[in-house]
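For reference, the structure discussed in these notes is given below.
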Amino acid sequence: MLRNEFEDVLIQKTPYYKDLENTYRDTINFERYISILKKICEDDSFIEMFEKKGGKQLVYFGRKIFTLQKEFITHYVHFLSDESRIDKWDQFFERYSKNLFEIYEKFVAGDNNRILIFEIVNRKLLRDLLKQQTRHVPLMKKMLISERLGVVVNQLFSYIRHSLADNMAVMDTLIVDSYTKIPLLPQCNHSETMKLLSKCFLEKGLPEPLFSAIFKNITTSYYTDTKDKIMAAISRTTFLNKDEVLKIFKSYFFFPDNDSLSEILKLLKTKAYEMIKIIENRKEIIERKRQDIKRKAKDTTKVIEEQLIDLTEHFSTEEPMDSMIKKLRANLIIYGYDLKILKNEYHEFVKKEGELNHIIGYKTKDLLEFVFRNEWDSYIILSFNKNKSIADDQLQLLIKDTINEIRNNKTAMEVMNKYRIIGFLKERYNTNAINNKFEKIANEVIVPLVRTFLLEELIEYYPKLSDVIPSEGVRYLAEESLSGEVYMIEKNIKTTQRRRDVSASNILHYKNLASVLVYDIRGSTFMGTKLRDAKRESEIRNYFQQSMLSIVGRYGGIPIKDTGDGGVVLFAVNHYDIRNYNTIKLEPGSVLSAVRCGVEMVKGAKNFVQENINKYQDWFREAEERKISFEGVTYATLLSSYQAIFQIGVGIASGVCPKEIYLDKNAFGELDLTGMLVREANLYSRVRAKEKSTIICDDATLFNLLLNVNKFSFLSEEGLRIDPLSLSIEQGLEYWMKQKVTKRGFILDLYKIFVKQLGQEVSRSGSLKILLGAFDIAIDETGKIRDEKGGRGKQLFEVSTKIVK
1044 MLRNEFEDVL IQKTPYYKDL ENTYRDTINF ERYISILKKI CEDDSFIEMF
1094 EKKGGKQLVY FGRKIFTLQK EFITHYVHFL SDESRIDKWD QFFERYSKNL
1144 FEIYEKFVAG DNNRILIFEI VNRKLLRDLL KQQTRHVPLM KKMLISERLG
1194 VVVNQLFSYI RHSLADNMAV MDTLIVDSYT KIPLLPQCNH SETMKLLSKC
1244 FLEKGLPEPL FSAIFKNITT SYYTDTKDKI MAAISRTTFL NKDEVLKIFK
1294 SYFFFPDNDS LSEILKLLKT KAYEMIKIIE NRKEIIERKR QDIKRKAKDT
1344 TKVIEEQLID LTEHFSTEEP MDSMIKKLRA NLIIYGYDLK ILKNEYHEFV
1394 KKEGELNHII GYKTKDLLEF VFRNEWDSYI ILSFNKNKSI ADDQLQLLIK
1444 DTINEIRNNK TAMEVMNKYR IIGFLKERYN TNAINNKFEK IANEVIVPLV
1494 RTFLLEELIE YYPKLSDVIP SEGVRYLAEE SLSGEVYMIE KNIKTTQRRR
1544 DVSASNILHY KNLASVLVYD IRGSTFMGTK LRDAKRESEI RNYFQQSMLS
1594 IVGRYGGIPI KDTGDGGVVL FAVNHYDIRN YNTIKLEPGS VLSAVRCGVE
1644 MVKGAKNFVQ ENINKYQDWF REAEERKISF EGVTYATLLS SYQAIFQIGV
1694 GIASGVCPKE IYLDKNAFGE LDLTGMLVRE ANLYSRVRAK EKSTIICDDA
1744 TLFNLLLNVN KFSFLSEEGL RIDPLSLSIE QGLEYWMKQK VTKRGFILDL
1794 YKIFVKQLGQ EVSRSGSLKI LLGAFDIAID ETGKIRDEKG GRGKQLFEVS
1844 TKIVK
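Residues in the sequence shown are numbered consecutively from 1044, following this note's numbering.
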């Protein structure tokens, strides 16, 4: 596969992209309703196609079709308010039907599934438009519009489908068994839906008030046994809180009884107690570490205090004292950051413990708030219980309660009189006949209605009527469109099908890694030449190294080696335990700390020059300090050759341990690193750029960042010049598509870090081949990237806080 294809697949697996997918494909509701649709529409290939997607189908309407449907609803509602305008309506409908046919035929392109997609999403749009157009229309008028509009739409779509059948097999059972059975209802609540269907109910033999009363009685007593699935989901979860419980309940169509809720509650409490025990153990470990750090901080301060007194008594130059103070500062900063991290971890565990205790305090009734109900879930319940009947005595009472509501409706009373049984003392009704009519209406109206609701629930269209969608939503839509994962109506774009042959394990290989950071001081040779004083050179270099090490400690880095003109630093999740010799086994994780450390080291190197500029003439006899005035402010500057003394090159290589990197003690008993990552990071640190420090990382580092950060975007020239928030959805779609196609790297938005693809050749290091551009790669069984000949291949990236040109 091409390298950029693998990158695209990896992007789909990132937490950020998964969050977008969960939001815009509504994966939780999708899982809930696809299972119901499968029960109602058994063995349907279209439903199977839906299920494989794992989320809602997305459809984008072009401007023409969107406007066309708006005009259709507006013209028809106006026509029904004044049917003398039939000529004007006929003229419009002729143009409308012709354009719709052309768009329909072009979109379908011989694919039967696209027939269903087109009709479902267009009917959903029409229902939304109808709601908008009839917001203030009286109920009876709205009922007439829905009924007649449904006839027109059904006839038109039926005509188009049959016309297409001349050239392809048309499987339209889902449409025929759902939409053609009911009026085209505007989007509305349960109560209004029942009122709008009242004519259908009456024509089939029951007044709406009685049908609704029976309906309510049946659905109230319904219980769907999905208890086992919910309990299995609770058992699998690694952490419990209110949101997680809500998510589990929301994923299932679940209306439990008290016994089921009691079982679930018992499991929740058992799970919560187990988790609290684990948290208590972790809190104890954290507290021991905190006390250990506090002790070390006191000991270090005392030792350096004694050394500073000694330097004062035997004073020669400032640098040794400055270096000692910097050393103290660096150590205290490391301790401070370790304490801060541990404090945050401790508070996080306390918070989790509180959430678990809250769950332990739940009563059975408290779980009812997690039982998720949709406005039209009751219709689904009825579709599962359409053959259920109500006992005679109970139904007689329901009839008695509702008869007063329909007494003034002549047609409804005529229908009810057909069920009357003349008795000697009291009036009764033929409940067997009424139960049969109820079942008939449930089958012929409610089940088709449920099908339409479910089908529309599994498809989402854009743009919305409000045209309001967050920039991230437009971005997701654009990326999915480029991968051919969005149905585009009346809009053609060049798509690249997403690769399906990359296993999840190959991607997750990059999720948890350790990193080696090697930094190289650029001007160390120049400094030695100019100083011609080995002692002074050592003092200045140590002074600079202390600046770097204070930054390393801030980000949890473990200094492994001072190379004289640089250093080697290790980054692992368990840095505290390694630094304190509790273990030498590396624990991999996110490499973000290594990258952020590299960025701060570059800033620190620049600041070192600025902070010590007044000392340069003392350090270097030939250094000429210049003064530049601008707007009344005087700046000190140096020749570039002297500024470059403390520019650095940072190389970051990431990989798995112990194969690519291994930590052990050397013959002197000191921590030492071995492995190809050390050599590779050293190579990257020597990549030079004119008059600036550089940070170079490998592809494994980038992949790990993408798999662990909460947000990222694409780096491209276009994107830096345009604010996507100012764009319409159509413009935004074009913008994000261009961003994806022309990307040169990534932006870690929350950290304002730019990671740009390196565009220069780098010399080989042993068996490593640096790969540039779009090229063929192979993924081995461990998830590692190989070049076309099977050798190790890597792509490099430059990291910066500014746009790298």
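Glycine residues also receive a C-beta, built at the ideal position from the N, C-alpha and C atoms.
Cβ-Cβ distance between residue i and residue j below 8 Å
i: tyrosine 1103; j: methionine 1780; result: no
i: tyrosine 1380; j: glycine 1596; result: yes
i: glutamine 1782; j: serine 1736; result: no
i: aspartate 1608; j: aspartate 1544; result: no
i: arginine 1166; j: valine 1194; result: no
i: isoleucine 1695; j: glycine 1647; result: no
i: asparagine 1478; j: serine 1421; result: no
i: glycine 1600; j: valine 1611; result: no
i: isoleucine 1402; j: leucine 1289; result: no
i: isoleucine 1502; j: glutamine 1100; result: yes
i: isoleucine 1273; j: phenylalanine 1292; result: yes
i: alanine 1557; j: isoleucine 1739; result: no
i: serine 1633; j: asparagine 1549; result: no
i: leucine 1053; j: phenylalanine 1840; result: no
i: arginine 1075; j: phenylalanine 1296; result: yes
i: aspartate 1111; j: tyrosine 1067; result: The residue asked about is misnamed: residue 1111 is leucine in this sequence, not aspartate. It is not a contact, given that the beta carbons lie outside the stated cut-off.
i: asparagine 1555; j: proline 1631; result: yes
i: isoleucine 1796; j: leucine 1758; result: no
i: valine 1721; j: valine 1842; result: no
i: lysine 1113; j: leucine 1172; result: yes
i: leucine 1399; j: isoleucine 1336; result: no
i: isoleucine 1594; j: methionine 1644; result: yes
Beta bridge counterpart(s) of residue i as assigned by DSSP
i: tyrosine 1103; result: Tyr1505 and Met1531
i: glycine 1011; result: Because the chain is modelled from 1044 through 1848, residue 1011 falls outside the range shown and cannot be assessed.
i: glutamine 1800; result: Phe1840
i: proline 1602; result: Val1612
Spatial distance of residue i from residue j (CA atoms)
i: glutamine 1334; j: glutamate 1777; result: 56 Å
i: asparagine 1617; j: lysine 1395; result: 21 Å
i: lysine 1845; j: arginine 1622; result: 33 Å
i: leucine 1497; j: methionine 1214; result: 19 Å
i: glutamate 1723; j: arginine 1279; result: 40 Å
i: leucine 1045; j: tyrosine 1505; result: 31 Å
i: aspartate 1353; j: threonine 1343; result: 15 Å
i: leucine 1635; j: arginine 1494; result: 48 Å
i: glutamate 1330; j: valine 1393; result: 12 Å
i: aspartate 1130; j: phenylalanine 1136; result: 10 Å
i: threonine 1744; j: tyrosine 1519; result: 24 Å
i: phenylalanine 996; j: phenylalanine 1481; result: With the chain covering 1044 to 1848 only, the question about residue 996 has no answer from this structure.
i: arginine 1579; j: proline 1058; result: 50 Å
i: serine 1206; j: leucine 1508; result: 30 Å
i: leucine 1123; j: lysine 1096; result: 41 Å
i: lysine 1461; j: threonine 1474; result: 11 Å
i: aspartate 1605; j: lysine 1061; result: 42 Å
i: threonine 1216; j: tyrosine 1147; result: 18 Å
Spatial neighbours of residue i in its chain, beta-carbon cut-off 8 Å, leaving aside the 5 residues before and after
i: methionine 1092; result: Asn1156
i: alanine 1547; result: Lys1056
i: arginine 1879; result: Here the chain comprises residues numbered 1044 to 1848, so residue 1879 is not present and cannot be evaluated.
i: phenylalanine 1282; result: Met1318 and Lys1395
i: valine 1857; result: Nothing about residue 1857 can be reported from this structure: the residues present for the chain run from 1044 to 1848 only.
i: isoleucine 1307; result: Lys1270, Ile1273, Met1274, Ile1277, Pro1299 and Leu1410
i: serine 1201; result: Thr1223
i: isoleucine 1261; result: Ile1424, Leu1425, Asn1428, Lys1431 and Ile1433
Same chain only: Cβ atoms within 7 Å of residue i, ignoring 5 sequence neighbours per side
i: asparagine 1709; result: Asp1715
i: glutamate 1515; result: Leu1063
i: aspartate 1792; result: Lys1754, Phe1755 and Ser1756
i: leucine 1592; result: Ala1373 and Pro1602
i: arginine 1565; result: Ala1687, Gln1690, Ile1691 and Gly1692
Residues of its chain near residue i, where Cβ-Cβ distance is below 6 Å and the 5 sequence neighbours each way are ignored
i: arginine 1471; result: Ile1464
i: alanine 1256; result: Leu1441 and Thr1445
i: methionine 1894; result: This structure leaves residue 1894 out entirely; the chain is present only between 1044 and 1848.
i: glycine 1718; result: Glu1703, Ile1704 and Tyr1705
Which whole runs of the alpha helix (DSSP H) in the region 1448–1505 are 4 residues long or more, in chain order? 1453–1460, 1474–1484 and 1490–1500
Please give me, in chain order, every unbroken run of the alpha helix (DSSP H) with length at least 4 that falls completely inside the region 1617–1650. 1618–1622
In chain order, each alpha helix (DSSP H) run of at least 4 residues that lies wholly inside the region 1116–1179: 1129–1151 and 1155–1176
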